[in-house]
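Trainee:
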Amino acid sequence: MELVRDGKNRYRLVRTGKMRVDAVVYVNEVLLPLLRDDKSLEQLAHAAMLPGVINPVVGMPDIHEGFGLPIGGVMAVGEDGVISAGAVGMDINCGVRLIRTDLRVREVPVPQLKNLMLTVEDYVPTGVGKKSKHGELSRRLFERVARTGVRALVEQGVGAAADLEYIEEGGCLAGADLDAVSREAYKRGETQLGTLGGGNHFIEFQEVAELLEPALAERWGLFPGQLTVMIHTGSRGFGHQICTDFSRSHVTAAKKYGIELPNKGLACAPSNSPEGRQYFQAMACAVNFAFANRHLISHDVGRAFADVFRKEPEKLGFGLVYDVAHNIAKWERHGGRKVLVHRKGATRALPPGHEDNPRPYRETGHPALIPGSMGTSSYVLAGTERAAATFFSVNHGAGRVLSRGAAERTISREQFEESMGAVLYNIRNFKEIVDESPLAYKDVDQVVQTLAEIGLTRKVARLRPLAVIKGKD
DNA sequence: ATGTGC
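Offset between the first sequence (1-based) and the working numbering: plus 20.
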């Protein structure tokens, strides 16, 4: 397997052996060496072997080894090709939502910020295995949420109908069918609406630190010194179970349809087969659940703001900038063809004027939301026409450089605390959070710059972390 | 990522 330089910040794995197409990975000189002891390039090559795959399979600068497709991978497949649960990921519609306020960070003293953190934690369950505090609502609305997404919550008075235009797909991916979902997945999902989860998921209070395209940032409602809230979570146990179910059953399906699997994690079925359609139907349920999960969490964050500032969220300028997925498969048009784009740790970023942009962002292109690691900046990016080369995709974050285990073994308490700087966090026991240290991640500035300097994205705003809420066990 | 492992 040979990686050849193919222009600035761009390397190509030229088709060889059973690969049907090339793989292209976008990294600069700093990020390239980080792929040394990592199977992600091999995993891109595996994806390039699947039936119907379209040239090229793409790796983002935050790429790292995953299950099946690497995290930071984009695999587009024609109508005659396959769909793969492992190319979407365990956390279906893991994604990011950004909320703006009219508050200025300098007007919010640290004790008030701490109070805000505690109040949010009262409303939003965090940590692995946690169940919804809206137990009755979660159970009652679960089926409607899975079928119709965020709209089911809006109908109950959670948020406003106008919010739907500020969510990818209007908060509902078409084609969801609960009949495709196992009993097991259903049971795990119905009690988890409005929960954060663990691992890299978070609720973060941020300050708009820098406007890189001031006119556009202001048009999107951002201003320097502004307090924003970023929510990063997904479909919890529901999506996890769906991925597990289909990664197993599609090994059999692949055999049935004569598909040779380069690795088990890429288990797949023809997208037009009953097995392939069933995965799409189930995945769409989890996509809708995750959009609704972030929506209900925002509602609860709004309640916390109302408690602390003694003003209704609307009076605080509380509003949705955007909500975007980074683990999803969707049918889209690229190069005049209908293709199924699998994005796993990759964020859609449509260019200005593209007809698939939501109405408020039709002219400018929608914001692409990129969380950094805790303790480092996050970014608001915009799409470009050049990113047609990546099926209009950008990175999804900083990307891991140390596994959880390696982080726990090698990062000391002192190093951890230094890496967090002045950022507040809710976890007392450093061992529970060291695997999320900024030291376990790549440099998000390098990652974003890699794409920006070759015109695959534009930096609109940089957000600085003030305080982060992570999952508590 | 995950009621975190065959």
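The beta-carbon is built from N, C-alpha and C at its ideal position, and this holds for glycine as well. Note that this is a predicted model, so its numbers are computed, not measured.
#1: Buried or exposed: residue 36, going by 16 or more other Cβ atoms within 10 Å of its Cβ?
#2: From 257, 213, 250, pick the residue whose C-alpha is nearest to that of residue 226; which is it?
#3: In the DSSP output, what is residue 226 paired with across the bridge?
#4: Rank 32, 448, 45 by C-alpha distance to the C-alpha of residue 82 and give the top, closest one.
#5: With DSSP as the reference, label residue 371 as helix, strand or coil.
#6: Please classify residue 123 as buried or exposed, where buried requires at least 16 neighbouring CB atoms within 10 angstroms.
#7: The beta strand (DSSP E) with residue 121 in it runs from where to where?
#8: What residues match up with residue 358 in a beta bridge as DSSP calls it?
#9: Quick test of the definition: if touching needs 3 or more C-beta pairs under 8 Å, does the region 235 to 242 touch the region 462 to 476?
#10: In the structure shown, what three-state DSSP assignment does residue 23 receive?
#11: Give me the Cα-Cα distance between residue 435 and residue 168, rounded to the nearest whole angstrom.
#12: Which stretch, first to last residue, makes up the beta strand (DSSP E) that contains residue 265?
#13: Does the beta-carbon distance from residue 186 to residue 320 come in below 8 Å?
#14: Start and end of the alpha helix (DSSP H) containing residue 313?
#15: May I ask you to list the residues that DSSP assigns as paired with residue 44?
#16: Just to check my reading of the structure: residue 104 and residue 287 have Cβ atoms closer than 8 Å, yes? What is that Cβ distance to the nearest angstrom?
#17: Please return the same chain residues whose Cβ sits closer than 6 Å to the Cβ of residue 283, not counting the five positions on each side in sequence.
#18: What three-state label does DSSP hand residue 89 in the structure shown?
#19: Pick from 281, 391, 215: whose alpha carbon is nearest that of residue 89?
#20: Any idea what DSSP makes of residue 96, helix, strand or coil?
#21: Comparing C-alpha positions only, which one of 144, 245, 153 sits nearest to residue 222?
#22: I'd like to check one pair, residue 99 with residue 377: are the Cβ atoms closer than 8 Å?
#23: To which residues does DSSP link residue 364 through a beta bridge?
#24: Please report the residue range of the alpha helix (DSSP H) in which residue 135 lies.
#25: Determine the direct distance from the alpha carbon of residue 188 to that of residue 379, and round the result to whole angstroms.
#26: May I ask you to report which of helix, strand or coil DSSP gives residue 479?
#27: For the structure I just gave you, are there three or more beta carbon pairs, one from the region 404 to 419 and one from the region 456 to 468, closer than 8 Å?
#28: Would you kindly work out how many angstroms separate the C-alpha atoms of residue 368 and residue 217, rounded to a whole number?
#29: Decide yes or no for the touch test of the region 389 to 403 against the region 452 to 466: beta carbon pairs closer than 8 Å, at least 3 of them.
#30: Based on Cα-Cα distance, which residue from 490, 486, 493 lies nearest to residue 246?
#31: Mark residue 111 as exposed unless 16 or more other C-beta atoms lie within 10 angstroms of its C-beta, in which case mark it buried.
#32: As a quick exercise: from 96, 272, 165, 481, pick the residue whose alpha carbon is nearest that of residue 40.
#33: Could you tell me whether the Cβ atoms of residue 365 and residue 190 are closer together than 8 Å?
#34: Do three or more CB pairs link the region 51 to 62 to the region 257 to 276 at distances below 8 Å?
#35: What whole-angstrom Cβ distance do residue 113 and residue 345 have, given they're in contact under 8 Å?
#36: Between residue 101 and residue 43, which are expected to be in contact by the criterion C-beta below 8 Å, what is the C-beta distance as a whole number of angstroms?
Mentor: By the coordinates alone:
#1: The residue labelled residue 36 in the question sits at position 16 within the first sequence. Classification of residue 36: exposed, given that the 10 Å Cβ count is below 16.
#2: Counting from 1 along the first sequence, the entry for residue 226 is found at position 206. Considering only alpha carbons, the answer is 250.
#3: Locating residue 226 in the first sequence gives position 206, where the first residue counts as 1. Note: residue 226 sits in a beta bridge opposite 248, 485.
#4: Counted from its first residue, the first sequence places residue 82 at position 62. Among 32, 448, 45, the Cα nearest to that of residue 82 is on 45.
#5: To locate residue 371, count along the first sequence from 1; it is residue 351. Note: residue 371 maps to coil in three-state DSSP.
#6: Here residue 123 is taken as the residue at index 103 of the first sequence, counted from 1. It is buried - the Cβ of residue 123 has at least 16 other Cβ atoms within 10 Å.
#7: If you number the first sequence from 1, residue 121 lands on position 101. Note, residue 121: beta strand (DSSP E), 115 to 124.
#8: Residue numbering aside, residue 358 sits at position 338 when the first sequence is read from its first letter. DSSP output for residue 358 lists 353 as bridge partner(s).
#9: no
#10: Here residue 23 refers to the residue found at position 3 when the first sequence is read from its first residue. Reduced to three states, the DSSP call for residue 23 is strand.
#11: Within the first sequence, the letter at position 415 stands for residue 435. Within the first sequence, the letter at position 148 stands for residue 168. Cα to Cα, residue 435 sits roughly 46 Å from residue 168.
#12: Translated into positions along the first sequence, residue 265 becomes position 245. Per DSSP, residue 265 belongs to no beta strand (DSSP E); it is in the alpha helix (DSSP H), 256 to 276.
#13: The sequence position of residue 186 within the first sequence is 166, counting from 1. The sequence position of residue 320 within the first sequence is 300, counting from 1. Taking 8 Å as the Cβ cut-off, residue 186 and residue 320 do not qualify as a contacting pair.
#14: As a working mapping, residue 313 is identified with position 293 in the first sequence. 294 to 329 is the extent of the alpha helix (DSSP H) around residue 313.
#15: If you number the first sequence from 1, residue 44 lands on position 24. BP columns for residue 44 point to 32, 78.
#16: Position 84 of the first sequence, counted from the first residue, corresponds to residue 104. Position 267 of the first sequence, counted from the first residue, corresponds to residue 287. The pair is a contact, with the Cβ atoms about 7 Å apart (cut-off 8 Å).
#17: The count along the first sequence starts at 1 and reaches residue 283 at position 263. Result list for residue 283: 66, in chain order.
#18: As a position in the first sequence, residue 89 is number 69, starting the count at 1. It is coil, neither helix nor strand.
#19: Reading the first sequence from its first residue, position 69 is the one you call residue 89. With distances taken between Cα atoms, residue 89 lies closest to 281.
#20: Walking along the first sequence from the start, residue 96 turns up at place 76. The answer is strand: DSSP assigns residue 96 an E or B state.
#21: To locate residue 222, count along the first sequence from 1; it is residue 202. Residue 222 has its Cα closest to that of 144, out of 144, 245, 153.
#22: Within the first sequence, the letter at position 357 stands for residue 377. Within the first sequence, the letter at position 79 stands for residue 99. In this structure, residue 99 does not lie closer than 8 Å to residue 377 by Cβ.
#23: Counting from 1 along the first sequence, the entry for residue 364 is found at position 344. Answer is 93, 347.
#24: Locating residue 135 in the first sequence gives position 115, counting from the first residue. Taken as a continuous stretch (DSSP letters only), the alpha helix (DSSP H) holding residue 135 covers 130 to 143.
#25: Within the first sequence, the letter at position 359 stands for residue 379. Within the first sequence, the letter at position 168 stands for residue 188. Approximately 11 Å, taken between the alpha carbons.
#26: What you label residue 479 is simply residue 459 of the first sequence in a count that begins at 1. Of the three classes helix, strand and coil, the one that applies to residue 479 here is strand, per DSSP.
#27: yes
#28: Here residue 368 refers to the residue found at position 348 when the first sequence is read from its first residue. Here residue 217 refers to the residue found at position 197 when the first sequence is read from its first residue. Approximately 23 Å between the Cα atoms of the pair.
#29: yes
#30: Residue 246 sits at position 226 when you count from the first residue of the first sequence. Minimum Cα distance to residue 246 is reached at 486.
#31: Start at 1 with the first residue of the first sequence, and residue 111 comes out as number 91. So residue 111 counts as buried.
#32: As a working mapping, residue 40 is identified with position 20 in the first sequence. Of the candidates 96, 272, 165, 481, the one whose C-alpha sits nearest the C-alpha of residue 40 is 96.
#33: By one-based count along the first sequence, residue 365 stands at place 345. By one-based count along the first sequence, residue 190 stands at place 170. For residue 365 and residue 190, no; Cβs fall outside 8 Å.
#34: no
#35: By 1-based counting over the first sequence, the position of residue 113 is 93. By 1-based counting over the first sequence, the position of residue 345 is 325. Correct: roughly 5 Å between the Cβ atoms.
#36: For the purposes of this step, residue 101 is identified with residue 81 of the first sequence, where counting begins at 1. For the purposes of this step, residue 43 is identified with residue 23 of the first sequence, where counting begins at 1. Rounded, the Cβ-Cβ distance is 16 Å, inconsistent with contact.
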